[in-house]
Amino acid sequence: MKGKIILLTGKLAEGPLRRVVKEIDNVEVIALNIGIAAFMTTDFIIRSFSPPKDVSLVLVSGMCKNVNVDVLSERWSCRVLKGPQDLKDVPAFLLGKPLKKRDLSDYNIKIFAEIVDAPRLSMKEILAKAEYYRDSGGDIIDLGCIPGETYENVRDVISALKKEGYIVSIDTFDEKTILMADEAGVDYILSLNSSNMHLAKRIRACPVIVPDFDNLTIKSLKQNVETFLEMVGERPFIIDPVIEPFNIGFVNSIIRYKDARELFPEVSMLMGIGNLTELTDADSHSLNLALTCIAQEVGVDYVLTTEVISWAVGSVKEIDISRRISYYAFKEKLPPKHLDYSMVALKDPPFEYFTKEELYLMHKEVKDKNWRVFVTRSGEICVFNKEKFIVGEDTGKIFEEMAVEDPSHAFYLGRELYKAKLASFLRKRYIQDQPLRWGYINADE
1 MKGKIILLTG KLAEGPLRRV VKEIDNVEVI ALNIGIAAFM TTDFIIRSFS
51 PPKDVSLVLV SGMCKNVNVD VLSERWSCRV LKGPQDLKDV PAFLLGKPLK
101 KRDLSDYNIK IFAEIVDAPR LSMKEILAKA EYYRDSGGDI IDLGCIPGET
151 YENVRDVISA LKKEGYIVSI DTFDEKTILM ADEAGVDYIL SLNSSNMHLA
201 KRIRACPVIV PDFDNLTIKS LKQNVETFLE MVGERPFIID PVIEPFNIGF
251 VNSIIRYKDA RELFPEVSML MGIGNLTELT DADSHSLNLA LTCIAQEVGV
301 DYVLTTEVIS WAVGSVKEID ISRRISYYAF KEKLPPKHLD YSMVALKDPP
351 FEYFTKEELY LMHKEVKDKN WRVFVTRSGE ICVFNKEKFI VGEDTGKIFE
401 EMAVEDPSHA FYLGRELYKA KLASFLRKRY IQDQPLRWGY INADE
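Sequence positions in the sequence shown follow this note's numbering and run 1 to 445.
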């Protein structure tokens, strides 16, 4: 970058900021007459500072909520930006290494979102679940039926969903249910195989063709597709080679998907990844990203999921994000790394800690009684004001040593110590007065 870069900060952060950028050329740190940079306002900066003519960029702290950088940029005729909230991230920001915002608007996988045991639900419950799924990114509302039972009021349910603009599928092998759903205008039927292929001529909706369940092979799938085409000619259909749970045929089923894509290169393909998230004792978000990337690579066009078990709640939203990441990564021939951190939820993206030595130097500059709270790489919590510097792991003992008397301030510090302890336990980044980061779950906070 041509021209000088000015980093505006407060007195407290001046020393630490100078240390973290000392290896970067053409950067000057200027501390204005204020203790904490986050308290700066647009008017305060205008009154306190005017950049020299050779300055090309002025960077203010990302913690400054009351600074309008557009006003400053227009007044000074140079670029003014808000930097990272944590000064440890400033070098990467200046050197162009931070995560760049990718355009993740494109995707080519659609989501079937299954309402499990739909016949057991009221119309109100079904419409509410469908709205939730649509808001989460679901494209097709899949009505999951009860095996061996007929969904007697399926016509009314499909009519109500269609009236609200939903694309609808029915998930059953019950012949009567399939025919009633088709009459009501259902869009997709899951599924057809040799056991009910005789319905092919009687249905209007797009069927999903699967292998026979007692013969989950590519040969069985091929035979069922050939039978369907012989019966109805060239009509839209989807194939589902059937994905199986981990340790019960998963690897072979992925090979089956790959073989199916080679055998039917122009036919749309579905993968029921909910089989994996519902049947694996693990948080769903990472599984959903991994499975969506697998689906992307083998050429899947549709995935089906649901949100029944507790650890899979949020799966539709997770797949909506994952399909955008996987599409971008596949298109650019990249691993899905450093593209978007939405699926990094329980842990955190890479970050830098302050050392105890750096915090002690910061403590020596403090002139007031306000408590600062930090977490070190070793997991210790460090709190300090002008009078005390306390380091430890036991928040109860730390709080006792702080000897806070004001009830409202004690409540605030208790909350911050709890957040710091949780961040330490999970190896997450802790920033005082900021919520912990939970990926897509609290991305809007």
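Cβ coordinates follow ideal geometry from the N, Cα and C atoms, glycine included.
So the candidates are the options; which of them puts its Cα closest to the Cα of residue i?
i    : options                : result
R120 : K367, L143, S136, D135 : L143
K219 : I239, D25, K347        : I239
V71  : V90, K317, L229, D43   : D43
F374 : Q434, P211, E400, V344 : Q434
S315 : E278, A329, H409       : E278
L216 : T227, G185, I248       : I248
G274 : F246, D259, R256       : F246
T9   : S56, L81, D187         : L81
T280 : V308, E234, R261       : V308
With DSSP run on the structure shown, which of helix, strand or coil describes residue i?
i    : result
D444 : coil
D171 : strand
V90  : helix
K347 : coil
S191 : strand
Y418 : helix
R372 : strand
V313 : coil
I46  : helix
T306 : coil
I431 : coil
M180 : helix
L270 : strand
K396 : It should be pointed out that residue 396 corresponds to Gly in this sequence rather than to Lys. Correct three-state label for G396: helix.
R437 : coil
T280 : coil
E365 : helix
I288 : Sequence inspection shows Asn at residue 288; the Ile mentioned does not correspond to that position. N288: helix per DSSP, three-state reduction.
D301 : coil
Rounded to a whole number of angstroms, what is the C-alpha to C-alpha distance between residue i and residue j?
i    : j    : result
L199 : G299 : 28 angstroms
S169 : I141 : 6 angstroms
G414 : I254 : 50 angstroms
A443 : S342 : 8 angstroms
I419 : L436 : Reading the sequence as shown, one finds Lys at residue 419 and not Ile. K419 and L436: Cα-Cα distance of roughly 7 angstroms.
S322 : S310 : 20 angstroms
V21  : P91  : 6 angstroms
V391 : S378 : 11 angstroms
L289 : D340 : 12 angstroms
D406 : L361 : 27 angstroms
H338 : K101 : 10 angstroms
D212 : L417 : 57 angstroms
D126 : F264 : The question names Asp, but residue 126 is Ile in the sequence shown. If I take the Cα positions, the gap works out to 35 angstroms.
P236 : T172 : 19 angstroms
V267 : A345 : 35 angstroms
N26  : R75  : 22 angstroms
L304 : Y151 : 21 angstroms
R204 : D182 : 6 angstroms
G83  : E358 : 21 angstroms
K367 : N385 : 8 angstroms
A260 : L291 : 17 angstroms
I30  : I6   : 7 angstroms
Give me whichever residues DSSP pairs with residue i in a beta bridge.
i    : result
C64  : DSSP output for C64 lists no bridge partner at all.
V447 : The question about residue 447 has no answer, for the chain in this structure spans 1 to 445.
K82  : V60
C382 : F374, V391
V29  : L7
T41  : N66
Whole alpha helix (DSSP H) elements within the segment 95-149, 4-residue minimum | Listed in chain order, they are 123-136.
Runs of beta strand (DSSP E) wholly within the segment 201-247 (minimum 3 residues, chain order) = 206-209
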